[in-house]
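Read the structure below first, then the notes.
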Amino acid sequence: MEHPVTAATRGDGLRWRSTERHRAEGRHAQELDTGFVAFARRRGPHHLRTAVLLTGDWHTAEDLMQTCLAKLYRVWHRLDTGVDPDSYLRRMLVNTQRSWWRARWRQEAPVEVVPDRAVEGDGEERQALADTVRRALAALPSRQRAVLVLRYFEDLPEAQVADLLGCSVGTVKTHTSRAIRRLRELLGDELVPDDPGGVNDLADQRRDSR
Amino acid sequence: MSRPDPTTGPAADEATDPGGRAIRALLAAASEDAPPPTTDLLGKVHHRARRRRALVPSLAAVGVAGVLAAAAVATSSITATPPASAQERVAAAVTRTTQDGYRIRAAMSGTKGGRKETSVSQGVFDPVGRAVRMVVVTPDKGHVTIHHLDGRVYVQLPAQGVGRQPGVPQGARWFLRATRDPNDAGISDLADFGRRALLSPQEALELAQSATDVREAGPVSGDGWTGSRFAFTLTDRQWRVTGSVDVDGDGRVRRLEFVSTSTDTAHGVAGTLHWLLTFWDFGIRERVTLPPDSQVYRDPARDPKELAERLGNRRS
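Below, the structure is given as structure tokens:
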């Protein structure tokens, strides 16, 4: 029978470790991995879409997701059971994107050229719309863009957005209003309407109510 | 280019945000065209986590440039990154300032709606409780207000009126109102923001942070600190706010000064007000506790100023 203490590599100075303990650690790590992978596979696509709205292009969005998933993986085993990993990852995405924007590294890093995809008919129009809207979003100040994405893509209430961004609810309202107004300037009334069935532009509604 | 189908995005809460459908549809459309992934995200995650090295954003990009960027980080010799803009520095300073507690003094003077206005308040910001507690020094000496960042404003009722005002419960010591005053329906967006900024120093900081017309105005110094001054401007149809933010060497806001000018005669707020806010004692740990519910009177129809005047709160 083999001795339970087995050297990982005999004679090279590495630590001796118990085979059974090594196996238990491996099983635990595997469970953590499985949970993390399941979460990433299930929710990754949604958060990748959030990332592309925050960053403006798919490659930067992938970079952002890789970075944040790696951070999340490192703390996964320490997450309290009451912590919602979605909220945790969302906060990471917003904060990391903002720190990149401040450091402006994203503008310095070379971007891989994406091969053109052949799209036809409606697909071409959808692609054009997506590109146009992303460019308009990228033209917004970082906080306005984040507020818009969190309010209208993530569907978070204003109080939660305020908490995530570390500002007041009033500021969230103001950023929302200004962002919508700016999008209307960039995209036009047809895409960002100014009517009761369209966008809630607070300033314009107040003017019309006087 | 045609508008996307608003029904393809998440369902809008018509009761609270009836106008967001178009924005939701646009954001959904802008994120649906995912190309085939160029990398296996999870494979990279496991690789990075196992090697336990610091992540650098540019490492995730194309190889050589990413490695060079990582080397620059390791040696702290970044020269390729351009300096932050004035707007970015002000935004960063406000964020830095509001991460810790601070003391504040706010002095206001001017005219509004044909009336002269003046006040001096002092207070403290509690970042844990997310609330500012301000005490009026002049003219309503001792009058206390507490502003929570979620929009609640607690106004202390004058002592001589407690228990004597018809309709106000016996044990009420505080009046709760929302930051957004129903009487302000119809005012411009900046006017609303400006009014909230006048009530809460935290909102005043965020007002400055929201400015996009920002330029550096030169060096500045104060008692025990030196730094830079940044001038900013915010305008809309009815209001114009011009001011300056003094940022010290630690990247914190030391002084915020602005003049807000309104032409909104329809709501009786036309006039010019000058504000000077000074910040100090950064990192102070003073809790701002909200009043207990048993002492709070909630009546959105009541204007706290009207209530205070009725109770004879005009102290000399």
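If you read the sequences in order, they're chains W and V.
Just so you know, we're using this note's numbering here: the first sequence kicks off at 1 and counts up by one.
Just so you know, we're using this note's numbering here: the second sequence kicks off at 211 and counts up by one.
Glycine is no exception: its CB is placed at the ideal position from the N, C-alpha and C atoms.
Remember, predicted model here, so these are calculated numbers, not experimental data.
I want to know whether the stretch 153–161 of chain W touches the stretch 177–192 of chain W - three or more CB-CB distances under 8 Å. no
Under 8 Å (Cβ pairs) to chain W, residues found in the stretch 302–316 of chain V: 302, 305, 308, 309
Are residue 471 (chain V) and residue 482 (chain V) closer than 7 Å when you measure CB to CB? Position 261 of the second sequence, counted from the first residue, corresponds to residue 471 (chain V). Position 272 of the second sequence, counted from the first residue, corresponds to residue 482 (chain V). Going by C-beta atoms, residue 471 (chain V) is nearer than 7 Å to residue 482 (chain V).
Just to make sure I have the definition right: I need the residues of chain W whose C-beta is within less than 9 Å of the C-beta of residue 366 (chain V). Which are they? As a working note, residue 366 (chain V) is residue 156 in the second sequence. Here the premise fails: no neighbours, minimum Cβ distance about 21 Å.
Going by DSSP in three states, residue 191 (chain W) sits in which element: helix, strand or coil? Taking the first residue of the first sequence as 1, we reach residue 191 (chain W) at position 191. The answer is coil: DSSP assigns residue 191 (chain W) none of H, G, I, E or B.
Close beta carbons around residue 183 (chain W), own chain, < 6 Å, minus the five adjacent residues each side: Against the first sequence, residue 183 (chain W) aligns to sequence position 183. Answer for residue 183 (chain W): 136, 192, listed in chain order.
Straight-line Cα distance separating residue 334 (chain V) from residue 243 (chain V): Start at 1 with the first residue of the second sequence, and residue 243 (chain V) comes out as number 33. Start at 1 with the first residue of the second sequence, and residue 334 (chain V) comes out as number 124. Each residue's alpha carbon lies about 48 Å from the other.
Between the alpha carbons of residue 551 (chain V) and residue 180 (chain W), how many angstroms are there, rounded? For residue 551 (chain V) there is no data in the structure shown, the boundaries of chain V being 211 and 526.
Bounding residues of the beta strand (DSSP E) (the contiguous stretch that carries residue 314 (chain V)): As a working note, residue 314 (chain V) is residue 104 in the second sequence. Element bounds for residue 314 (chain V): 312–322.
Near-chain W residues of the stretch 408–441 of chain V - C-beta to any C-beta below 7 Å: 412, 413, 416, 420, 422
Going straight from the alpha carbon of residue 49 (chain W) to that of residue 298 (chain V), what length do you get? Along the first sequence, one-based indexing puts residue 49 (chain W) at 49. Along the second sequence, one-based indexing puts residue 298 (chain V) at 88. Distance between the alpha carbons of residue 49 (chain W) and residue 298 (chain V): 26 Å.
Can you give me the start and stop residues for the beta strand (DSSP E) that residue 355 (chain V) sits inside? Numbered from 1 along the second sequence, position 145 holds the residue referred to as residue 355 (chain V). Run containing residue 355 (chain V): 354–358, per the beta strand (DSSP E) assignment.
Going by C-alpha to C-alpha distance, which of V:485, V:241, V:432 sits closest to residue 466 (chain V)? Translated into the one-based positions of the second sequence, residue 466 (chain V) becomes position 256. It is V:485.
Terminal residues of the alpha helix (DSSP H) in which residue 366 (chain V) lies: The sequence position of residue 366 (chain V) within the second sequence is 156, counting from 1. That residue, residue 366 (chain V), is in no alpha helix (DSSP H); its beta strand (DSSP E) goes 362–366.
Using a threshold of 6 Å, is the CB atom of residue 137 (chain W) nearer than that to any non-hydrogen atom of the ligand HEM? Ligands are entirely absent from the displayed structure, and the ligand HEM is therefore not among its contents.
With 7 Å set as the bound, which would you pick, yes or no: does the beta-carbon of residue 503 (chain V) sit closer than that to a beta-carbon of chain W? As a working mapping, residue 503 (chain V) is identified with position 293 in the second sequence. No, because no Cβ of chain W sits closer than 7 Å to the Cβ of residue 503 (chain V).
I'd like to know whether the C-beta atoms of residue 498 (chain V) and residue 310 (chain V) end up nearer to each other than 7 Å. Along the second sequence, read from residue 1 onward, the residue named residue 498 (chain V) stands at position 288. Along the second sequence, read from residue 1 onward, the residue named residue 310 (chain V) stands at position 100. Going by C-beta atoms, residue 498 (chain V) is not nearer than 7 Å to residue 310 (chain V).
With a threshold of 7 Å on Cβ separation, who are the neighbours of residue 176 (chain W) within its own chain once the five nearest residues in sequence on each side are excluded? To locate residue 176 (chain W), count along the first sequence from 1; it is residue 176. Answer for residue 176 (chain W): 147, 148, 151, listed in chain order.
With residue 63 (chain W) as the anchor, note down where its alpha helix (DSSP H) starts and where it stops. Locating residue 63 (chain W) in the first sequence gives position 63, where the first residue counts as 1. First-last of the alpha helix (DSSP H) with residue 63 (chain W): 58–75.
Give every residue of the same chain whose Cβ lies closer than 8 Å to the Cβ of residue 301 (chain V), excluding the five residues on either side of it in the sequence, and list them in chain order. As a working mapping, residue 301 (chain V) is identified with position 91 in the second sequence. 419.
When V:425, V:318, V:317 are compared against residue 296 (chain V), the one with the closest alpha-carbon: Working through the second sequence from its first residue, we reach residue 296 (chain V) at position 86. Nearest of V:425, V:318, V:317 to residue 296 (chain V), Cα basis: V:425.
Whose Cβ in chain B lies nearer than 9 Å to the Cβ of residue 356 (chain V)? Going by chain labels, chain B is absent from the structure shown, which instead holds the protein chains W and V.
Please check if any C-beta of chain W sits within less than 7 Å of the C-beta of residue 461 (chain V). Counting from one through the second sequence, the residue named residue 461 (chain V) turns up at place 251. With 7 Å as the cut-off, residue 461 (chain V) does not count as an interface residue toward chain W.
Can you tell me which residues form a DSSP beta bridge with residue 508 (chain V)? Here residue 508 (chain V) corresponds to residue number 298 of the second sequence, with the count starting at 1. According to DSSP, residue 508 (chain V) bridges with V:386.
Which residue from W:39, W:187, W:87 puts its Cα closest to that of residue 138 (chain W)? Looking up residue 138 (chain W) in the first sequence gives position 138. For the residues W:39, W:187, W:87, the minimum Cα distance to residue 138 (chain W) belongs to W:187.
Residue range of the alpha helix (DSSP H) that includes residue 142 (chain W): Taking the first sequence and counting its residues from 1, one reaches residue 142 (chain W) at position 142. Looking at the DSSP string, the run of the alpha helix (DSSP H) that includes residue 142 (chain W) is 142–152.
CA-to-CA distance, residue 361 (chain V) to residue 500 (chain V), given in whole angstroms: For the purposes of this step, residue 500 (chain V) is taken as the residue at position 290 of the second sequence. For the purposes of this step, residue 361 (chain V) is taken as the residue at position 151 of the second sequence. If you take the alpha carbons of residue 500 (chain V) and residue 361 (chain V), they lie about 13 Å apart.
DSSP-derived helix/strand/coil call for residue 50 (chain W): Here residue 50 (chain W) is taken as the residue at index 50 of the first sequence, counted from 1. Looking at residue 50 (chain W) - three-state DSSP - the assignment turns out to be helix.
Can the beta-carbon of residue 306 (chain V) be found closer than 7 Å to that of residue 447 (chain V)? Position 96 of the second sequence, counted from the first residue, corresponds to residue 306 (chain V). Position 237 of the second sequence, counted from the first residue, corresponds to residue 447 (chain V). For residue 306 (chain V) and residue 447 (chain V), no; Cβs fall outside 7 Å.
Terminal residues of the alpha helix (DSSP H) in which residue 297 (chain V) lies: Taking the second sequence and counting its residues from 1, one reaches residue 297 (chain V) at position 87. Its alpha helix (DSSP H) spans residues 296–307.
Quick check on residue 333 (chain V): does DSSP put it in helix, strand or coil? As a working mapping, residue 333 (chain V) is identified with position 123 in the second sequence. Looking at residue 333 (chain V) - three-state DSSP - the assignment turns out to be strand.
Chain W contact for residue 241 (chain V) (CB, 7 Å cutoff): On the second sequence, position 31 is the one that residue 241 (chain V) refers to. Chain W contact via Cβ: present.
Using the Cα positions of residue 41 (chain W) and residue 61 (chain W), report the straight-line distance between them to the nearest angstrom. Reading the first sequence from its first residue, position 41 is the one you call residue 41 (chain W). Reading the first sequence from its first residue, position 61 is the one you call residue 61 (chain W). Roughly 16 Å between the two C-alpha positions.
Minimum C-alpha distance to residue 234 (chain V) - residue among W:71, W:130, W:58: Counting from 1 along the second sequence, the entry for residue 234 (chain V) is found at position 24. Answer by Cα proximity: W:130.
Can you find a CB in chain V that lies within less than 7 Å of the CB of residue 168 (chain W)? Position 168 of the first sequence, counting from 1, holds the residue named residue 168 (chain W). Chain V, which has a Cβ nearer than 7 Å to the Cβ of residue 168 (chain W), makes this yes.
Closest to residue 33 (chain W) by C-alpha separation, out of W:91, W:69, W:144, would be which residue? Residue 33 (chain W) sits at position 33 when you count from the first residue of the first sequence. Residue 33 (chain W) has its Cα closest to that of W:69, out of W:91, W:69, W:144.
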